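Each residue of the sequence shown is one higher than the one before, counting from 41 in my numbering.
Here a beta-carbon is modelled for each residue, glycine too, at the ideal position from N, C-alpha and C.
Note that this is a predicted model, so its numbers are computed, not measured.
Notes to accompany the following structure.
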Amino acid sequence: MTSRPGADLVGRAAESRLLDALSAGRDGGPGLLLRGGPGVGKTALLDAAAARAVADGTRVLRSSAVEFEAGMTYSALHQLLYPLRRDAERLARHHRDVVDRIFGLAPGPSPDPLAAGTAVLALLGEVAVERPLLMVADDVPWIDRASAAALGFVVRRISDHPIVFLAAARTGADSFCDQLDLSVREIEPLDDAEAVELLDGRWPELGPSVRLRMLAEAAGNPLALRELPKELSVRQRSGHLPLPALLPLSGRLEAAFASAVEGLPAPTRTALLMAAVDPGIGRAVIRRAAGEADGSDALAPAREAGLLQVDARVGRITFRHRLTRAAIVHLACPGERRRAHLALAAALTDVPERRAWHLAEATTGPDEALARALDEAALPAWRHGEPAVSDRRRGAASAAVSALVRAGELSPHPDDRSRRLVEAAYFATFTGQLDDVPRLLADAGRAADPPGGLAFAATAQLLTHDEGDIDAAHRLLARALDDNAAAATEDDWDHSGILYALLLVSVHTHRPEPWRLLKTALDRFEPTAMTAIRLCYEAYVHPTTASDALRKGLADAFAALPADAAPWELIPLALAAVAMDALSDHRYLVSRMIERERDGGAVAMAVPALMLLCHDSYVHGRWDEAESLAQEGLDLAAAHGYRFWERQIRALLASGAALCGDADLARTRSEETTTWAAPRGIEVMEAYAHSARNLAAMGQGDYEEAHVQAGRIDPSGAPGTGIPGRWQVLNLVEAAVRTGRADEAREHVAAARTAGIHRISSRTALLCAGAEAVAADEDDAGPLFKAALALPHAARWPWEHARIQLAYGQWLRRTRDHHARRHLSAALETFDRIGAKAMAQRARNELRATGVVTPSGPAAPAATLTVQERQIAELAAVGLTNRQIGERLFLSHRTVGSHLHRLYPKLGITSRAALRAALEAMTPGATARAAGPAVP
């Protein structure tokens, strides 16, 4: 079956239905006006409407106005009606004479608009007797005045005929249609998902960073999504060559976005060019650079034309569309651009890094002084550890890459050029520009004495982030340390880069060699240097030796961090804190870093930070929050090509699915993880996959499978201090006891005690104590359960605490102790609250055995949702992230999160995954009227 024309228009299903209703005469008006910005798809909708009309047997008349014909009398009517020139012979003589003069087929002056209107109406009425008519007029603001008057006359009088009028105009442009009784449809840009669908369907071969850049520049504009990649070379599209700061525009894009600029006054275009070459500057800087007199406003015509907005409070300039900025720069000649940069440099003497950038852009040849200025301005906080305020820290990493590349281009000496390009490559591994790293390193390697240490670190980061090849990364870093055996200092960027890359390798392997190499590298620094990485080393390798001192050292290190701590200072501490179950007190610092770095900053630090927060949320029973953080991390990782972190987060989500009782999803995710991680030797990722399958099997009562999977988590098959093995002793013991391996269970308890796992944190102490009680003889278990539940801070770990309460309640029931109901009920309440469905059912079964009948799930919600809560819940239920929901409803993502947090208890759920079922279960009318108007 052939689909209707226009059915393949991405994101325009609602508009297509509206056009169908219009053609069928169901909208009740004479016609429809489509409004929207340039390139948003108005013409594509007109084309689809015309094609559908022809398919339905309707005759279509079309006119597409252009600027140069706007002064030609009746030019639009000529184009629209020319296919009917022979039908004019059927008209009365006086009407035929008017139509012939419109077509230029008869002598005489142009008819007046009234005569033209009545003649055209007669002609259309005559033709419409045979079959319906669709009149389509594109770019109506450029229709000549005579045609506009005649068409206006006609459209107001066609309601008695099978004639429909469909027009399109840019938003903000005046036309005769504004005075007609037409329905108006604003054509909005595509949303994120629709933009991705269109781009991927048209350009599936784009590299990850190129794809992200196209989506950002197009901002949902369909024409831009189709045309922007067309102007790039094949190697640019694949990511093997860099993209320019301003993307080249196709002829169609330049025509769409430049036309509004060309007619502006020269001072306005000069000011616009300054705003376009540096969108971060404010209105005051442009005034100084352009030499505007007091009271003058060169940008006023651009604001009136709808090209930009100026925030009067802070002077920030925002272009209506990012491609308007590109069009402004493309319209300027090279000399005009250089003069704009020089003028801005003169006005930015108080901002040395921006001044250096503009001087560099205005320079056409090598200049070491400028290269050094860019070099020094690029990384004052990142490379040298100097303090920086938050607004300068935000996005500094990605800006540093561009600055260092430009500094390399300006470097007269090959060695300086090589060093700067290597630094750019290293930072590109963190900023989501992985596609650029091989090229930058290759360019740097052309020097007579190519740099070593940081180049090795950049390559190792690329191998890890992109391919997950931690073995190759380890070998490369070992070679780098062999080649650079000198003592190191904290501002030694080569050693620091190697150290961080080696830490990333080490924390994801169970083999001792990377950790030994990391210790060797640390020993080259002063004992008081590299504190964050030293603490991370101790938390992973020696967590039980001096655990109290280690926890205090972590707390002191977090306290010493500035509010805008650099991510490479923070991530090692956050890794250590998760390993020691101590992140919850420092989450705010990690969250701040994520906010600073997720957009244009060190994305490769924001992604693991989100994963670590997700881990912390899981262990504290906030599973809905954990899922949201994981999804945000997945989105960032996928968008920027960080496949390693994407797989690691999926491994964590496999455990999350198992905790929630979704065994099938847990197994699917864990199998995907194992398939990817096993060939690459990423043992920690594999261990998380086995942990997920252990939890899934335990929830289903398949204890033999649980026993097999638990034994694969740690290489020794016994409790150990590795990750995630230090948290597995209770799983190992319960699986052993449930499968009749009591002696093995007691051996696991003894091994955990010998290893000192209980000293790591209050969580591991609870796990070890609970495991000892589960493994104990029936007569000895009671006091051990009591002791475990009485441990300090035991209730901070709801999953583990409820499991031990359940086990204790089971033991009490077997001994016919009436206190069993209290512990089983408490366990059930916790499992229901955090969303552990499988374990909640086990607790219900045990309670039922004591004679207590419980509902099959949490009580149905009695409270109602407000209109806004209902909207947010419905959007979340179909998979939108908090940020996407916020964009739909004009709310911040934090506000969306707060609403979700409040509505979960109303619905009796704890997880985003349960929203759809909860909404379907709501009774009709369970939505309360909000105090204010509903958000559209």
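The beta carbons of Ala670 and Ser695 sit about 11 angstroms from each other, so the pair does not count as a contact at 8 angstroms.
Look at Ala208 here: in three-state DSSP terms it is strand. Note that the segment 119 to 132 does not touch the segment 75 to 86; fewer than 3 beta-carbon pairs, one per stretch, sit closer than 8 angstroms. Counting only runs of 4+ residues, the alpha helix (DSSP H) found wholly inside the segment 661 to 685 occupies 663 to 680, in chain order. CA-to-CA, the gap between Leu940 and Leu959 works out to about 13 angstroms. When DSSP states are grouped into helix, strand and coil, Thr906 belongs to the strand group. A check of alpha carbon separations from Ala866 across Arg884, Arg854, Leu594 identifies Arg884 as the nearest. In this structure, Pro374 is the residue among Arg446, Pro374, Phe598 with its C-alpha nearest to the C-alpha of Leu313.
Counting only the Cα atoms, His582 lies some 22 angstroms from Gly751. Of the residues Val391, Arg277, Leu272, Ala342, the one whose Cα lies closest to the Cα of Gly320 is Val391.
For the pair Gly810 and Glu840, the CB atoms are nearer than the 8 angstroms cut-off. About 7 angstroms separates the CB atoms of Met651 and Trp685; that is less than 8 angstroms, so the two are in contact. Positions of the alpha helix (DSSP H) runs, each at least 4 residues long and wholly inside the segment 223 to 253, are given as 232 to 242 in order along the chain. Under the 8 angstroms Cβ criterion, the segment 407 to 418 counts as touching the segment 442 to 450, having at least three qualifying pairs.
For Gln740, no beta strand (DSSP E) segment is defined, and its DSSP state is neither H nor E. Sixteen is the threshold: when 16 or more other Cβ atoms of the shown chains lie within 10 Å of the Cβ of Arg636, as they do, the residue is buried.
Under DSSP, Ala177 shares a beta bridge with Ser103, Ala207. Contact between Leu674 and Ile689 holds, with the beta-carbon distance rounding to 5 angstroms and staying under 8 angstroms. Put simply, the segment 269 to 288 touches the segment 248 to 261. At least three CB pairs are less than 8 angstroms apart. Taken in chain order, the whole alpha helix (DSSP H) runs of length 4 or more contained in the segment 513 to 550 are 533 to 546. Taking C-alpha positions only, Leu772 is separated from Leu613 by approximately 29 angstroms. Under DSSP, Val350 shares a beta bridge with Ile357.
Here Trp663 has Ser657, Gly696, Leu699, Cys700, Ile874, Gly875, Thr950, Ser951 as same chain residues with Cβ atoms under 8 angstroms from its own Cβ, once five neighbours each way along the sequence are excluded.
Per DSSP, reduced to three states, the secondary structure at Leu312 is helical. Ser438 and Asp232 have their C-alpha atoms some 23 angstroms from each other.
Around the C-beta of Gln349, fewer than 16 other C-beta atoms lie within 10 Å, and the residue is accordingly described as exposed. Counting the other CB atoms within 10 Å of its CB gives Tyr628 a total below 16, which places it among the exposed residues. The bridge partners DSSP lists for Leu74 are Ala208, Arg225. A straight line joining the alpha-carbon of Gly303 with that of Pro341 spans about 10 angstroms. For the set Ala285, Leu286, Gly291, the Cα lying nearest the Cα of Arg266 is the one of Gly291.
Within the same chain, Cβ atoms closer than 6 angstroms to the Cβ of Ala298 are found at Ala367, Leu371, the five residues on either side in sequence being excluded.
Check the Cα spacing between Ala440 and each of Ser451, His453, Arg457, Ala464: the tightest is with Ala464.
Taking Glu712 as the centre and dropping the five residues before and after it, the same chain places the C-beta of Arg690 closer than 7 angstroms to its C-beta, in chain order. With distances taken between CA atoms, Gly780 lies nearest to Tyr743 out of Tyr743, Arg803, Gly76, Gly948. Between Arg210 and Pro181, the C-beta spacing is below 8 angstroms. Here DSSP, grouped into helix, strand and coil, assigns Gly508 to coil.
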